[in-house]
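Protein chains: 2
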Amino acid sequence: MIEFIGFVAAILTTLSFVPQALHTIKTKDTSGISLWMYVIFTSGIFLWLVYGFLITNWPLIIANLVTFVLAATILIFKMKYK
Amino acid sequence: MIEFIGFVAAILTTLSFVPQALHTIKTKDTSGISLWMYVIFTSGIFLWLVYGFLITNWPLIIANLVTFVLAATILIFKMKYK
Numbered sequence: 001m002i003e004f005i006g007f008v009a010a011i012l013t014t015l016s017f018v019p020q021a022l023h024t025i026k027t028k029d030t031s032g033i034s035l036w037m038y039v040i041f042t043s044g045i046f047l048w049l050v051y052g053f054l055i056t057n058w059p060l061i062i063a064n065l066v067t068f069v070l071a072a073t074i075l076i077f078k079m080k081y082k
Numbered sequence: 001m002i003e004f005i006g007f008v009a010a011i012l013t014t015l016s017f018v019p020q021a022l023h024t025i026k027t028k029d030t031s032g033i034s035l036w037m038y039v040i041f042t043s044g045i046f047l048w049l050v051y052g053f054l055i056t057n058w059p060l061i062i063a064n065l066v067t068f069v070l071a072a073t074i075l076i077f078k079m080k081y082k
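Each protein sequence line maps, in turn, to chains B and F. Numbering-wise, the first sequence is residues 1 to 82 according to our numbering. Numbering-wise, the second sequence is residues 1 to 82 according to our numbering.
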């Protein structure tokens, strides 16, 4: 049961970037988005991914790979359409 | 060294919400922010916090408590100034 709560938490925090990425791609409206948030966040997620590979933890690798792609997409749009 | 990478990753992903929260509080501009991202993300962080308490993991509790306050602030501004 405790592990299930952690599992749902991981799914939610990973998937939450899907509506943001879709919203950003569709509207190209990035005015309310902080550039620094996505610079720092994408770097942090990249390090989580490296950490996941180093300790060979597949849930960590998969979750952070998905989040990295979504966060990097938002970051690129922010830099392109600011 | 491996643990250090995980530690830096955790610090970056937690602190990344500081510039976003400050930006949102200062400008009240939430047009580019996805409501659903923050609904899902804040719920996920709350579950991470519950999970941290259940397994008594203080780094998890502290990191997610900070992120929860920041994400909930952004969510409240998004709902108020959409």
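Beta carbons are placed, not taken as given, at the ideal position from N, Cα and C, and that holds for glycine.
Check whether the Cβ atoms of residue i and residue j lie closer than 7 Å to each other.
i	j	result
serine 31 of chain F	serine 31 of chain B	yes
alanine 21 of chain F	threonine 73 of chain F	yes
tyrosine 51 of chain F	alanine 10 of chain B	no
phenylalanine 41 of chain F	threonine 13 of chain B	yes
lysine 28 of chain B	tyrosine 81 of chain B	yes
methionine 37 of chain F	serine 43 of chain B	no
Taking residue i as the reference, which of the options has the closest Cα?
i	options	result
leucine 75 of chain B	B:His23, B:Ile2, B:Ile5, B:Leu12	B:His23
glutamate 3 of chain B	F:Leu70, F:Leu49, F:Val69	F:Leu49
By how many angstroms is the C-alpha of residue j removed from the C-alpha of residue i?
i	j	result
leucine 60 of chain B	valine 39 of chain F	22 Å
glycine 6 of chain B	phenylalanine 53 of chain F	11 Å
valine 18 of chain F	alanine 71 of chain B	16 Å
phenylalanine 46 of chain F	tryptophan 58 of chain F	15 Å
methionine 1 of chain B	leucine 65 of chain F	21 Å
valine 69 of chain B	threonine 67 of chain F	21 Å
alanine 63 of chain B	alanine 63 of chain F	18 Å
methionine 79 of chain B	methionine 79 of chain F	26 Å
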